[in-house]
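Under this note's numbering, think of the first position of the sequence shown as 201, with each following residue one higher.
Here's the structure, in structure tokens; my notes come after.
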Amino acid sequence: MKKSLRATRRAHRLKLYILSLLLFAVAFGIVFAIVELSIRYMHAGEGGETRDHLVEAEYMPAKMKPHYQGRIWGIPFRTNRYGLRDEVDFPENPAAGEYRVLSLGDSIAFGLGVPTAGHYTKLLESRLSQENPKITYRIINGAGPGFSPSGYYLYLKNEGLRLKPRRVIIEIELCNDVTDEALVRWEEKPGDPGSLERVRGGRYIVGWDGNLLATYCRGPYFFEKTYTYTVLTRRVLNLLYRLSPPEPFATTEGVTYYSLGFDRYLLDNERIEQGWQRVFGALEKTQELLRINQVEFLLVIMPTQYMFDPASGAYGRFAAGLVKRAVAEAERRGLPYLDMTEPMRDRGGKSLYFDFAHPTEQGNQVIAEELYKEFKRRNQSGTGITHAEDVGGK
Numbered sequence: 201m202k203k204s205l206r207a208t209r210r211a212h213r214l215k216l217y218i219l220s221l222l223l224f225a226v227a228f229g230i231v232f233a234i235v236e237l238s239i240r241y242m243h244a245g246e247g248g249e250t251r252d253h254l255v256e257a258e259y260m261p262a263k264m265k266p267h268y269q270g271r272i273w274g275i276p277f278r279t280n281r282y283g284l285r286d287e288v289d290f291p292e293n294p295a296a297g298e299y300r301v302l303s304l305g306d307s308i309a310f311g312l313g314v315p316t317a318g319h320y321t322k323l324l325e326s327r328l329s330q331e332n333p334k335i336t337y338r339i340i341n342g343a344g345p346g347f348s349p350s351g352y353y354l355y356l357k358n359e360g361l362r363l364k365p366r367r368v369i370i371e372i373e374l375c376n377d378v379t380d381e382a383l384v385r386w387e388e389k390p391g392d393p394g395s396l397e398r399v400r401g402g403r404y405i406v407g408w409d410g411n412l413l414a415t416y417c418r419g420p421y422f423f424e425k426t427y428t429y430t431v432l433t434r435r436v437l438n439l440l441y442r443l444s445p446p447e448p449f450a451t452t453e454g455v456t457y458y459s460l461g462f463d464r465y466l467l468d469n470e471r472i473e474q475g476w477q478r479v480f481g482a483l484e485k486t487q488e489l490l491r492i493n494q495v496e497f498l499l500v501i502m503p504t505q506y507m508f509d510p511a512s513g514a515y516g517r518f519a520a521g522l523v524k525r526a527v528a529e530a531e532r533r534g535l536p537y538l539d540m541t542e543p544m545r546d547r548g549g550k551s552l553y554f555d556f557a558h559p560t561e562q563g564n565q566v567i568a569e570e571l572y573k574e575f576k577r578r579n580q581s582g583t584g585i586t587h588a589e590d591v592g593g594k
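As structure tokens, then:
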């Protein structure tokens, strides 16, 4: 009888314990939801533009959303069924006489602040078409804000090459791309060391509501897609940076590596060096992928405004050092490249930029002109397209 009574009491205590846990979980969930929705409401009230132009991709943190219409930096834009900026829904296979070039890059190549008609892809397309009307040139803008070189490789591998480009142009800007790559992690194909199957983590993620969040993540895990996690992460990393700032940001003069502020704590010298290796490791993989598919490749190295501003001092020297290293890396690895430093310097320098990195319409004109010259040079050397019969579906 006593044993039965003790068993009943234990069962009763267990039920109370489980019920308490459930009540705590429900209470925590309600409080978290209230906090999350409150932060979301405050975030939604900042500015007049949404940041819902991206969707999560299986192989990378985010890609441009298909059939989207919105604004970035006050400039209206829309995407086609492939998620490409201001392009019609063209078929995957080129028509006879059509020559396709796929342009990839980050917000610089996307054209923040620049209407499509003034972007270097369309200026180049127009120039080539005027010179050789027998060929239908289609210069496709496949860039996106927040993208980086490992994503370009995976995009080409999974989607981009289906569009049958004959040439791929990739824009890089070292202040930004190196730290972007420093914060991501690569997932390899099982049993194939050194391969790249997916990119995870980084400083950008598509939130649960579809808006882009600037944070630090490793996943994507669901909790990382919340505004609460984003705010807490920023505050904790900001505090840690104040307590113990790492090199190079702590004492090095004129550091121009881009950060969101709070993520500087994570960007120590070791991690930045990993970023450099990922940038050029991904570009090497891209070149090999394109070689196998008989697609020409050109790397465009963009300088920053710091290099053309006499008042920038140490910042200009630091930024110039990044470009110098990028040129040396491209030459060492056999990557065909176009260094835009001298053309931008000669045609206006600082005045060709909205900010430290993004070219104005005049800056885009300079880029288009240099790309046109590069195309002409390659044509004359026999490595480019010269006749209408050389183009078309393949």
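The beta-carbon is built from N, C-alpha and C at its ideal position, and this holds for glycine as well.
As the structure is a computational prediction, the values presented were derived from the model and not from experiment.
- Only residues of its own chain outside the window of five on either side were considered, and among them Glu397, Arg398 and Arg400 have a CB closer than 7 Å to the CB of Glu387, listed in chain order.
- Runs of the alpha helix (DSSP H) lying entirely within the region 295-349 and spanning at least 4 residues, in chain order: 307-310 and 320-331.
- As a beta-bridge residue in DSSP terms, Leu538 pairs with Val500.
- Val455 has its alpha-carbon roughly 28 Å from the corresponding atom of Ile272.
- For Ala262, the three-state secondary structure derived from DSSP is coil.
- Proximity to Arg471 across Arg578, Glu381, Glu292 and Gly342 peaks at Glu381, based on C-alpha coordinates.
- The C-alpha of Leu383 lies about 19 Å from the C-alpha of Thr426.
- Checking the DSSP bridge columns, you'll see Trp408 has no partner listed.
- DSSP places Phe277 inside the beta strand (DSSP E), whose first and last residues are Ile275 to Arg278.
- In terms of CA proximity to Phe290, Arg362 leads the group Asp468, Val495, His558 and Arg362.
- With contacts defined as CB atoms closer than 8 Å, Tyr268 and Leu304 fail to qualify as a contacting pair.
- By DSSP's assignment, Ile369 forms a beta bridge with Ser303 and Leu498.
- Leu412 is positioned such that its CB atom lies closer than 8 Å to that of Tyr404.
- Comparing C-alpha distances from Pro345 to each of Asn358, Glu371 and Tyr217 shows the shortest one belongs to Glu371.
- For the pair Tyr337 and Leu323, the CB atoms are not nearer than the 8 Å cut-off.
- Pairing Lys576 with Arg434, the inter-Cα distance amounts to about 48 Å.
- Nearest Cα to Glu569 within the set Pro445, Met540 and His558: Met540.
- In this structure, DSSP gives Thr379 a helical state, which the three-state scheme calls helix.
- Taking all protein chains shown into account, Asn293 has fewer than 16 neighbouring C-beta atoms within 10 Å of its C-beta and is therefore exposed.
- By the neighbour-count criterion, in which 16 or more other beta carbons inside 10 Å mark a residue as buried, Ala514 falls on the exposed side.
- CA-to-CA, the gap between Phe554 and Thr560 works out to about 6 Å.
- Ranking Arg240, Pro349 and Ala296 by CA distance to the CA of Ser307 puts Pro349 first.
- Taking the C-beta atoms as reference points, Phe480 is found no nearer than 8 Å to Arg464.
- Rounded to the nearest whole angstrom, the C-alpha separation of Thr430 and Glu236 is 10 Å.
- Residue state for Val231 is assigned as helix, using DSSP reduced to three classes.
- Gly402 and Tyr217 have their C-alpha atoms roughly 40 Å apart.
- Remark: C-beta atoms of Gln505 and Lys573 do not approach each other more closely than 8 Å.
- Each of Arg491, Tyr416, Ile501 and Ile492 was checked against the Cα of Leu460, and the nearest Cα belongs to Tyr416.
- The residues Asp306, Tyr458 and Ala557, in chain order, have a CB closer than 7 Å to that of Asn376 in the same chain once the five nearest residues on each side in sequence are set aside.
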